[in-house]
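In what follows, a structure is listed as structure tokens, so that the remarks can point back to it.
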Amino acid sequence: MMRPRVRTASGLFFLGVMLALVPVAARKASAQAPADSEKKLKVYISVDMEGVAGTVTADQLGPSGFEYERFRHFMTDETMAAVRAANEAGASEIVVSDSHGNGENLLIEEFPKNVRIVRAWPRHGGMMAGLDSSFGAAIFIGYHASTTNPKGVRAHTFSSAHYARVTLNGNSVTEGEYNAAYAGAKGVPVIFVSGDDAAVEEIKSRLGNLESVETKKSLGFHSAETLTPAASCDKIYAGVKSALGRLHDFKPYVIKTPVTLEITFKNYTPAELLSYLRSVQRVDSHTIRFVGKDMDEIDDFEEFVGNYNADLAP
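Position one of the sequence shown corresponds to residue 8 (the numbering used here), numbered consecutively onward.
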């Protein structure tokens with residue numbers, strides 16, 4: 008038979024303390040649960056090719072170039088260096104945007120299973136397709152200088168064949184600054200960029216002291232003094248890891264809305280024809296202006312202008 012438990016005064020006091028602590032501990036545990044889930048890190052990586060180590064001419068940049076297949080590997084390796092750093096930093100999800108040429112350059116079989124890859128065109132969001140406010144950081148790999156920069160390997164803004172200048176709210180922009188503004192509108196900071204010295208200097212002059220790696224020093228539009236692919240990957244890995252280790256230092260790059268976009272074409276006809284649209288103003292013989300309520304609308308307009316062709320079929 009079980010004997011009745013004798014409760015002394017000290018025992019009752021101890022029991023009361025324990026009972027009082029239980030709801031406190033439970034409240035702390037429930038309060039910590041959402042915080043832990045909020046710490047999950049989603050990383051977005053936008054990848055171009057002109058800023059990859061060793062890239063200098065069309066020989067590396069497109070399927071017809073005799074070095075293209077090798078440089079697809081180098082482009083993939085530089086991206087993988089960023090992915091490794093993100094995974095080591097605890098990234099729960101990584102999206103990689105193949106943002107060069109036809110959008111089908113990266114060797115997707117090389118990536119780990121927690122990576123999703125955005126490929127081909129057209130697509131809403133352009134070089135930042137798939138980005139939303141749930142991401143904690145954006146990373147730019149292989150970026151280049153703008154079309155208005157007299158320096159920089161293969162310097163251009165979106166279209167080397169058609170655009171002579173792209174501005175947001177009156178300021179000439181690089182693809183990096185434009186994409187940072189797109190990310191900033193969603194509350195996502197850009198924390199790292201790699202590319203040649205002109206590209207890195209240009210984007211940091213607008214976005215501030217983000218982490219960066221100079222993969223090469225520009226000697227001209229088609230020449231550079233470059234790191235080896237292996238050295239570039241090592242530096243990118245270290246730079247991304249450092250950036251992710253101090254995420255609190257970076258703020259989203261936000262520009263004023265509504266946003267005014269101007270595009271100056273190298274040819275006369277696009278500006279003339281686009282001015283037939285009531286939403287488009289022709290500023291001069293080669294330049295048009297479009298005002299969008301936000302960066303989503305601006306980017307949809309630019310994607311249309313950059314990708315539409317009357318010969319498209321089907």
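Backbone N, C-alpha and C fix where the C-beta goes; we use that ideal spot for every residue, glycine too. Model, not experiment: these values are computed from the prediction.
For residue 268, no alpha helix (DSSP H) encloses it; the enclosing beta strand (DSSP E) starts and ends at 266-272. In the DSSP assignment, residue 62 falls outside any beta strand (DSSP E), carrying neither H nor E.
For the pair residue 225 and residue 133, the CB atoms are not nearer than the 8 Å cut-off.
Selection 156, 148 and 231 evaluated against residue 86 yields 148 as nearest (Cα-Cα).
The beta carbon of residue 83 sits closer than 6 Å to those of 113, 114 and 117, all from its chain and outside the five residues before and after it, given in chain order.
Between residue 269 and residue 295, the beta carbon gap of about 7 Å places them in contact (Cβ cut-off 8 Å).
Cα atoms of residue 171 and residue 164: separation of roughly 8 Å, rounded to the nearest angstrom. For residue 312, there is no enclosing beta strand (DSSP E); the residue is part of the alpha helix (DSSP H) that begins and ends at 302-314. Here residue 153 is near residue 179, since their CB atoms are less than 8 Å apart. Excluding the 5 residues flanking it on each side, residue 274 has no same chain C-beta neighbour closer than 6 Å.
CA-CA distance, residue 167 to residue 228, rounds to 12 Å.
Around the beta carbon of residue 209, a 10 Å sphere encloses 16 or more other beta carbons of the protein chains shown; the residue is thus reported as buried. Across the structure, residue 193 and residue 240 are spaced so that their CA atoms are roughly 29 Å apart. Listed as beta-bridge partners of residue 231 by DSSP are 225.
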